[in-house]
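Chains as they are written, first to last, in our numbering: chain A, 1 to 174; chain B, 175 to 374.
We treat Cβ as the ideally placed atom computed from N, Cα and C, and that holds for glycine.
For reference, the structure discussed in these notes is given below.
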Amino acid sequence: MKIPALLTMALLLAASASQAQPPFGGPDDIAYASRLWQALIQANLVGSNAIQSKAYPGQHPHGAVLQTIYTSLNLEGQDNRLIVKRNYGGDGVSVQSVAENPDRFLAAVTVMYQRPGYDPDNGNWFWAKYLPDGSLDKNPKGMQLAGRVAKVNPPAGCIACHNAAPGGDMVFTK
Amino acid sequence: MQTNRKTFLSMSIAALLVSACAGDKMMQDEMMPFGGPDSVAYAGDLWQALQSARLVGPGAIETKAYPGQHPHGAVLQNVDGMLTVNGVTSPVIVKNNYGGEGVSVENVTRNPSQYLAAVTVMYKRPGYDPDNNDGSGPNIYRMARWIKIPRAWRWPGEWLKLIHRAALPAIVQRRVAIWCLPTIASSKRPDILYRPGQRV
């Protein structure tokens, strides 16, 4: 009699654990995204001392003007591939106006960080969309955009779009 | 007594030689606006700092490549930010210049190291060269200096070997004289930068 009860409890726990960790926007993803942001600040890739690169015209769903940096980043002892995209928009945005005053037009920072074993189906990328202050942007349902965005059915968001990238590594621009 | 006089004479000659050498070096630096021993040594320090900041060398960050033009490469990458060299933190602009057969934005994006021809650097050193320029305003460079770093200098070992070769500063001088300040000065901007409103 005790064994079925234990099994039921284990199943319930497993079910609640899987509910607590959605493919993106869960507590672990949010915490990891926060640590990633701090590492990005330390590496001068975001924040007030961030290095700037050549701005160029972009398109939906990113910004009208973009800057992209390809590098690697050490986080928690692991040096992994990183792509940082600064997405610019707003009234008066242009390549020239962004070059003159990037902070004024910065709308979001989208990040791809490769974590070994994290999501083998999708190149092991951790996806995050930050607002300029480092907080996470949200989708219309209020879910914070960090993690496997959006490994859902039907497919949508970063993963669905980037699956179409040539080369099989989900990277369009490299 | 004889020995003391000899020793004194030897020491005087040695002192004269040392001061002549030092004077020669100072004169050399004064007469050479670029390519002098101090400039070359400073370029070495700058390169090390750029490497530490992962702005050049193995593992350097890559940015979006775009079409360039003479005297830079057919394809370029550009970053700007702050850099600390010898304890001084100042704005830096690093441009990767790509060229060679088959160079294109697409090919550079795929394999940047294959096409990297040179890295050109502007680093602002307060008070270093007020003539270029001495404008006013918050976004103005009071000094800018280009240092051409040929591809062969890309790795520290080669860099160190090459800076000891007497012929090299001449190459640098010629390139700097032909390209850098006259060209940049023609930007007609007080900050002598071409990219409008370059944030540093």
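Inside the stretch 42–125 of chain A, DSSP marks whole beta strand (DSSP E) runs of 3 or more residues at positions 65–75, 78–88 and 106–114, from first to last along the chain.
Residue 302 of chain B sits in coil when the DSSP states are folded into three classes, being neither helix nor strand. For residue 66 of chain A, the closest Cβ of chain B is nearer than 9 Å. For residue 285 of chain B, the number of other beta carbons within 10 angstroms of its own is below 16, and it is reported as exposed.
Three or more Cβ pairs closer than 8 Å define a contact, and the stretch 248–262 of chain B falls short of that threshold against the stretch 89–108 of chain A. Between residue 288 of chain B and residue 270 of chain B, the beta carbon gap of about 12 Å keeps them out of contact (Cβ cut-off 8 Å). Below 8 Å, enough C-beta pairs join the stretch 19–32 of chain A and the stretch 145–152 of chain A to call them touching: three or more.
Against chain B, the beta carbon of residue 70 of chain A has neighbours under 8 Å at 235, 236 and 237, listed in chain order. According to DSSP, residue pairing for residue 236 of chain B in a beta bridge involves A:70.
Residue range 249–259 is occupied by the beta strand (DSSP E) that includes residue 254 of chain B. One thing to note: residue 55 of chain A has its Cβ no nearer than 9 Å to the Cβ of residue 132 of chain A. DSSP places residue 266 of chain B in the uninterrupted beta strand (DSSP E) bounded by 262–272. Ranked by Cα distance from residue 170 of chain A, the options A:105, A:119 and A:65 are led by A:119. Check the Cα spacing between residue 301 of chain B and each of B:217, B:291 and B:262: the tightest is with B:262. For residue 294 of chain B, the enclosing beta strand (DSSP E) covers residues 290–297.
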